[in-house]
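1 is the number of the first residue of the sequence shown in full-length UniProt numbering; add one for each residue after it. A short worksheet on the structure shown next.
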Amino acid sequence: MRKGKRLQAGDTIGLVAPASPVSIERIQTAIAILRRLGFRVKTGENAGKVYGGYMAGTPLERAADLHAMFADDDVQAILCLRGGYGATQILPYLDLEWIRENPKLFIGYSDITALHIAFQQKCGLATIHGPMAAVEFIKEDDLSVQSLLQLASTGVPAGSYTGEAWSEGAVTAPLTGGNLSLICALMGTPFEIDTSGKILFLEEVHEEPYAIDRMLTQLQLSGKLDDASGFVLGQWTDCEPEAYADGFTAQEVLEKFFCGIGKPVLAGIQSGHGTPNLALPLGISATLDTAGQRLHFCETIVAE
Numbered sequence: 001m002r003k004g005k006r007l008q009a010g011d012t013i014g015l016v017a018p019a020s021p022v023s024i025e026r027i028q029t030a031i032a033i034l035r036r037l038g039f040r041v042k043t044g045e046n047a048g049k050v051y052g053g054y055m056a057g058t059p060l061e062r063a064a065d066l067h068a069m070f071a072d073d074d075v076q077a078i079l080c081l082r083g084g085y086g087a088t089q090i091l092p093y094l095d096l097e098w099i100r101e102n103p104k105l106f107i108g109y110s111d112i113t114a115l116h117i118a119f120q121q122k123c124g125l126a127t128i129h130g131p132m133a134a135v136e137f138i139k140e141d142d143l144s145v146q147s148l149l150q151l152a153s154t155g156v157p158a159g160s161y162t163g164e165a166w167s168e169g170a171v172t173a174p175l176t177g178g179n180l181s182l183i184c185a186l187m188g189t190p191f192e193i194d195t196s197g198k199i200l201f202l203e204e205v206h207e208e209p210y211a212i213d214r215m216l217t218q219l220q221l222s223g224k225l226d227d228a229s230g231f232v233l234g235q236w237t238d239c240e241p242e243a244y245a246d247g248f249t250a251q252e253v254l255e256k257f258f259c260g261i262g263k264p265v266l267a268g269i270q271s272g273h274g275t276p277n278l279a280l281p282l283g284i285s286a287t288l289d290t291a292g293q294r295l296h297f298c299e300t301i302v303a304e
C-alpha cells in the first residue's frame, strides 16, 4: 500500500468538506484548535459552501478541493471536517491516478467511508478511519484526538484495540470497511468493497435494528461476509428499535450474524460514532486475535 508521510508539529493540515456543509463558525473553531496543537492549516476553497441544503458545494467543487490538497506540496495530511452525505457523489470526478501518485494521510469516517474504499482499492492508499476536525476536534474529545495524533505522528496506535470475542480464531490480513450504510451504498458500483481475504470493520449510527439486519443480509447474499477472513465490530450508536420496539436490538441482530460464523470476530472496539472514536488504520495488515481479545497492526500507516 502507498502511505503518506508522518505528521509532525509545524506541518500543514488540509481541511476539506467532501460531503455535507460545515458552518463558517465551526470551520474557524477547528482551525483555531489545530493551530493551538501546533499545526498550520489550509482550508479547501469550497469548504464553507452550501449546495442544495445538505452538500458542501457541487460534486465538482468538492472533488476540486480534494485534488487541490493532494496537489499541494505543503499539505502533509488531509483531514475531513465532517461526514453527512455526498462523498459518493464525487467519486466519478476524482483523478484517482493523480491521488495514487501523490499519497498523503487521509482522515475521516462515516460518509467518508466511500472515499476510504475508493482510495484503498483504486489508488492503493492506506487511510485513517478517525476523528474529524468539525466533530471530535471542536468537541475537545481529547482521547479521540490524541489517538489520531499518535497514529499520524508515529505510524502506530498507542496500543492494541480491545473488544469481546464473539467467534474464536486468529487471522492476519489487511483491514478494510467503515460505515455499514456506505459500504452497502457502493454495492453494484465500480467502488464496491472487496472483502476477499481481509478483516472487515463495521460500525453504524442512527439505524434501527431491522435496517442493520437488511444491510447485513445484503452483504451476506452478495458473498461479502463469506469472502472476509474476520470481522471487527465497532460502535453502533443510537441504533435502538423504534418502529419495532419489541423486536431485536442492534446487539441481537449483530449476534445473529456474527456469533459462531466460523471466523474470528472481535466486537465492541471503540471506533465509530461514539465517544471515544479511536483512530483506526485502514488498508494495512493487522492481526485479529480473539484469544487475546485484541486487534493489533503489523505495519505502520506512514511511509518509513
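Virtual Cβ for every residue (Gly too), placed ideally from N, Cα, C. The structure displayed is predicted, hence computed values, not measured ones.
Residues that residue i bridges to, as DSSP identifies them
i           : result
Thr162      : Arg294
residue 336 : A query on residue 336 cannot be resolved here, the shown segment of the chain reaching from 1 to 304 and no further.
Ala170      : Asp289
N- and C-terminal bounds of the beta strand (DSSP E) containing residue i
i      : result
Ile199 : Ile199 to Val205
Nonlocal neighbours in the same chain, by C-beta distance under 8 Å from residue i, ignoring five residues either side
i           : result
Tyr54       : Ser20, Pro21, Gly84, Tyr85 and Gly86
Ala185      : Thr88 and Ala114
residue 308 : The chain is shown only over 1 to 304; residue 308 falls outside these bounds and no answer can be derived.
Leu282      : His116, Gln120, Ala126, Thr127, Ile128, His129, Leu175, Thr176, Gly177, Gly178 and Phe201
Same chain only: Cβ atoms within 7 Å of residue i, ignoring 5 sequence neighbours per side
i           : result
Ser229      : Val171, Ala173, Gly197, Lys198, Ile199 and Lys263
Phe119      : Ile99, Phe106, Leu125 and Thr127
residue 328 : Within the shown structure, residues of the chain are numbered from 1 to 304, placing residue 328 beyond reach of any answer.
Boundaries of the alpha helix (DSSP H) in which residue i is found, first to last residue
i      : result
Ser122 : The sequence given here places Lys at residue 122; Ser does not occur at that position. Lys122 -> alpha helix (DSSP H) spans Thr113 to Cys123.
Leu151 : Asp142 to Thr154
Cutoff 6 Å; reference residue i; Cβ partners in own chain excluding five residues on either side
i      : result
Phe248 : Pro209
Leu94  : Ala63
Ile33  : Phe137
Ile31  : Val41
Trp236 : Glu204 and Ala250
Under 7 Å between C-beta atoms of residue i and residue j
i      : j      : result
Lys3   : Val302 : yes
Gln202 : Leu180 : Note on identity: in this sequence residue 202 is Leu, with Gln being the wrong assignment. For Leu202 and Leu180, yes; Cβs fall inside 7 Å.
Ala133 : Leu7   : no
Gly48  : Cys80  : no
Ala279 : Gly188 : no
Ile284 : Gly234 : no
Phe231 : Val265 : yes
His273 : Ser160 : no
Glu61  : Asn46  : yes
**Asked** Quick one: complete alpha helix (DSSP H) runs, 4+ long, within the UniProt domain "LD-carboxypeptidase N-terminal" (13 to 130)?
**Response** 24 to 36, 59 to 71, 87 to 90, 96 to 101 and 113 to 123
**Entirely enclosed beta strand (DSSP E) segments - the UniProt domain "LD-carboxypeptidase C-terminal" (173 to 288), minimum 3 residues** = 199 to 205, 230 to 237, 265 to 267 and 280 to 282
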